[in-house]
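*Asks:* Residue numbers (the working numbering): 196 to 803. No residue lacks a Cβ here, since even glycine has one placed at the ideal position from N, Cα and C.
1) Enumerated in chain order, which unbroken segments of the beta strand (DSSP E) with a length of 3 residues or greater are wholly contained in the region 537-567?
2) Kindly provide the ranges of any alpha helix (DSSP H) runs that are 4 or more residues long and lie completely inside the region 748-772, ordered along the chain.
3) Secondary structure at residue 230, three-state DSSP: helix, strand or coil?
4) So residue 771 and residue 334 are in contact, right, with Cβ under 8 Å, and what is the actual spacing, rounded?
5) Quick test of your reading: residue 352 and residue 329, contact by CB under 8 Å. State the CB separation rounded to the nearest angstrom.
6) Once DSSP output is grouped into helix, strand and coil, what is the label at residue 600?
7) Is it buried or exposed for residue 585, if we count other Cβ within 10 angstroms and need 16 for buried?
8) For residue 795, which three-state DSSP category applies?
9) Mind checking whether residue 448 and residue 270 have CB atoms under 9 Å apart?
10) Looking only at its chain, what residues have a beta carbon closer than 7 Å to the beta carbon of residue 718, apart from the 5 residues adjacent to it on each side?
11) Check for me: the alpha helix (DSSP H) holding residue 284 runs from which residue to which?
12) Kindly provide the ranges of any beta strand (DSSP E) runs that are 3 or more residues long and lie completely inside the region 673-713, ordered along the chain.
13) For residue 593, which three-state DSSP category applies?
14) Could you give the distance in angstroms between the alpha-carbon of residue 476 and the alpha-carbon of residue 529?
15) Where does residue 732 fall in DSSP's three states?
16) Examine the Cβ distances between the region 604-614 and the region 573-591 and report whether three or more of them are shorter than 8 Å.
17) Would a C-beta distance cut-off of 9 Å place residue 409 and residue 523 closer than the cut-off?
18) Quick one: what's got a C-beta closer than 7 Å to residue 534's C-beta in the same chain, skipping five residues either side?
19) Look at residue 462 and residue 445 and say whether their C-beta atoms are less than 9 Å apart.
20) Between which two residues does the alpha helix (DSSP H) holding residue 375 run?
21) With three or more C-beta pairs closer than 8 Å as the rule, is the region 273-280 touching the region 494-508?
22) Note down, in chain order, each residue of its chain lying with its Cβ closer than 6 Å to the Cβ of residue 323, except the 5 sequence neighbours on either side.
23) If you follow the beta strand (DSSP E) that residue 656 is part of, which residue opens it and which one closes it?
24) Count the other CB atoms, across all protein chains shown, that sit within 10 Å of the CB of residue 205; report buried if there are 16 or more and exposed otherwise.
25) In three-state DSSP terms, what is residue 254?
26) Which residue comes first and which comes last in the beta strand (DSSP E) that contains residue 324?
27) So, using beta-carbon positions, are residue 653 and residue 668 closer together than 9 Å?
28) Considering only their Cβ atoms, is the gap separating residue 728 from residue 764 smaller than 9 Å?
29) Closest Cβ-Cβ distance between residue 418 and chain C: below 9 Å?
30) Spell out a yes or no on whether the region 286-299 and the region 386-394 are touching, meaning 3 or more CB-CB pairs, one atom from each, closer than 8 Å.
31) If contacts are defined as beta-carbon pairs under 8 Å, then residue 692 and residue 706 qualify, I think. What distance do you get, rounded to the angstrom?
32) Taking all protein chains shown into account, decide if residue 387 is buried (16 or more other Cβ within 10 angstroms of its Cβ) or exposed.
33) Out of curiosity, what's the CA-to-CA distance linking residue 646 and residue 637?
34) By the 10 Å Cβ neighbour count, where 16 or more other Cβ atoms means buried, how is residue 517 classified, buried or exposed?
35) Taking C-alpha atoms, which residue in 315, 332, 327, 768 lies nearest to residue 340?
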């Protein structure tokens, strides 16, 4: 497959194997896989902000011969092959498909259901012609007796009146899902084949009301040029960076930043299945706003967390609510407030963005949170977490829980103490000295127990350091570089890199000689997830740290990480989006194929 990215006067192209993902600001997405049996997550998904859930509508749209040329124009994606040319554009109003030079027919396969609902009973499709519209009515009954009142949904297609119904159920076995170990054998409905003219423009509207679906399709048809111009203004920067991978990553993270219900604004953790606001992911990812000068937007995201402090001093794990605990979410809130405040002070613009009342609120919330954390989790100047509460929150069937005192959690807490002291100094509060002393004591304790002059332990529990080498040492540097001197950090990185380094340009999540290490991605059983798989956000973060400590010493590592992240973003997985993980064995796009923090940290890395 030939893949190309176009932005202004720039282009970048290479051979690869990938699909594409289009989104809108309502939260909807349209995913086209590299083939029609890619994933149950492929197709058109409409977001319901009240249920905070996706409803799948279309599974596949394809010509008789698959296209083998894929072009990302940022506001649209084009696919070309022997059967003709397709251009897909997802607006806030619906999906537009432009067809030209078509040989044969265009097939549409449907799969109306909630994103994680697999009940095959009582599913009825009715296809009809209503004036210029093709109308699909979907009725979902409780079971195959078809009794009671069904739930109804409608799809309206305008611009493709020459069609033939197929009305056939078709079993699919999705390759990507089978490899992950999720449900992969599902039935979809091969609904119809459209016979396009020399040039056809299809507009597709969806609703649980037939009239609304028709009106949406009609508005799309009448305003195609206006709607596409709006997308160009939204997604095409006036002065794009020369680095195409940077532009792709920025576009991807921007597509995940939205306000779907006009009440909760934030950054989704990823697509297709991490469609929640996970506090850890969102707070890590919002750094891109700082690096692109969107200070007010970053402030808005951070300030919303001030009223969410829990009785133990932490913040909720995600919105909507999840039972899984998070030891580090509140620490990332401290870190990002520190980043924003320090950057504004450096520009002499702090007072333009924060009122004295707001700074007092931040300080008071810090006092409250740190006090509660000290009460519930701090013991002898170390902060303790329970099993599976760090970002490495899976066991993979092993006794690998990362409980106790973990290095990145210590660093995040130290960052919070440092920030509290700084803000109290700004506000001329006497408590600044108290926080300085707390930071000094904890700093001394952590360095004494975790650092042996060359190595930095991953954890400390029951009087023993855990010398298992993991990339969490880079997180520790990223959030609290004052823990060690640059010379000491250099020693630590030199100790860790040979143990974690993957020659294609990434870091393993556990040292390669460890008995839990996995070379291959194992999917949903999580055996490899935090025990081998290489996470792109960690790779990018590690390169940022190496640049800070000694760019000349670590140049080869930094360059390889940039090359690997660039290639994965542009020519693998979903073009223009950074994936979650790769197998340790070789560079691949695996896990969630559009992940916020992968792109956000790449934006920061290239921005440096």
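*Replies:* Result, derived from the coordinates:
1) None, since the region 537-567 contains no complete beta strand (DSSP E) of that length.
2) Inside the region 748-772, DSSP marks whole alpha helix (DSSP H) runs of 4 or more residues at positions 750-766, from first to last along the chain.
3) In the three-state reduction of the DSSP assignment, residue 230 falls in the coil class, being assigned neither a helical nor a strand state.
4) Separation of the CB atoms of residue 771 and residue 334 is rounded to 37 Å, and the pair is thereby denied contact status at 8 Å.
5) Rounded to the nearest angstrom, the Cβ distance from residue 352 to residue 329 is 4 Å, consistent with a contact under 8 Å.
6) Strand.
7) In the assembly as shown, residue 585 is a buried residue. Its beta-carbon has 16 or more other beta-carbons within 10 Å.
8) Looking at residue 795 - three-state DSSP - the assignment turns out to be helix.
9) Against a cut-off of 9 Å, the Cβ pair of residue 270 and residue 448 comes out as no contact.
10) Answer for residue 718: 374, 375, 376, listed in chain order.
11) For residue 284, no alpha helix (DSSP H) encloses it; the enclosing beta strand (DSSP E) starts and ends at 279-285.
12) Within the region 673-713, no beta strand (DSSP E) run of at least 3 residues lies entirely inside it.
13) Three-state result, residue 593: coil.
14) Distance between the alpha carbons of residue 476 and residue 529 is about 14 Å.
15) When DSSP states are grouped into helix, strand and coil, residue 732 belongs to the helix group.
16) Short answer: they touch.
17) The answer is no: Cβ separation not under 9 Å.
18) So the qualifying residues of the chain are 482, 485.
19) No, the Cβ-Cβ distance between residue 462 and residue 445 is not below 9 Å.
20) Annotation: the continuous alpha helix (DSSP H) that includes residue 375 extends over 370-375.
21) Contact annotation: the region 494-508 does not touch the region 273-280, with fewer than three C-beta pairs closer than 8 Å.
22) Result list for residue 323: 330, in chain order.
23) Where residue 656 is concerned, the enclosing beta strand (DSSP E) stretches over 654-656.
24) Counting Cβ neighbours within 10 Å, residue 205 comes out exposed, since fewer than 16 surround it.
25) Assignment of residue 254 by DSSP, reduced to helix, strand and coil, places it in the strand class.
26) Its beta strand (DSSP E) spans residues 318-325.
27) Yes, they are a contact pair.
28) In terms of Cβ geometry, residue 764 and residue 728 do not form a close pair [threshold 9 Å].
29) In the structure shown, chain C does not exist; there is a single protein chain.
30) Touching, yes, given that three or more Cβ pairs across the two stretches are closer than 8 Å.
31) Contact flag wrong, Cβ pair sits at about 11 Å.
32) Classification for residue 387: buried.
33) Answer to the nearest angstrom: the Cα atoms are 13 Å apart.
34) Looking at its Cβ environment, which holds fewer than 16 other Cβ atoms inside 10 Å, residue 517 is exposed.
35) Considering only 315, 332, 327, 768, the residue with the shortest C-alpha distance to residue 340 is 315.
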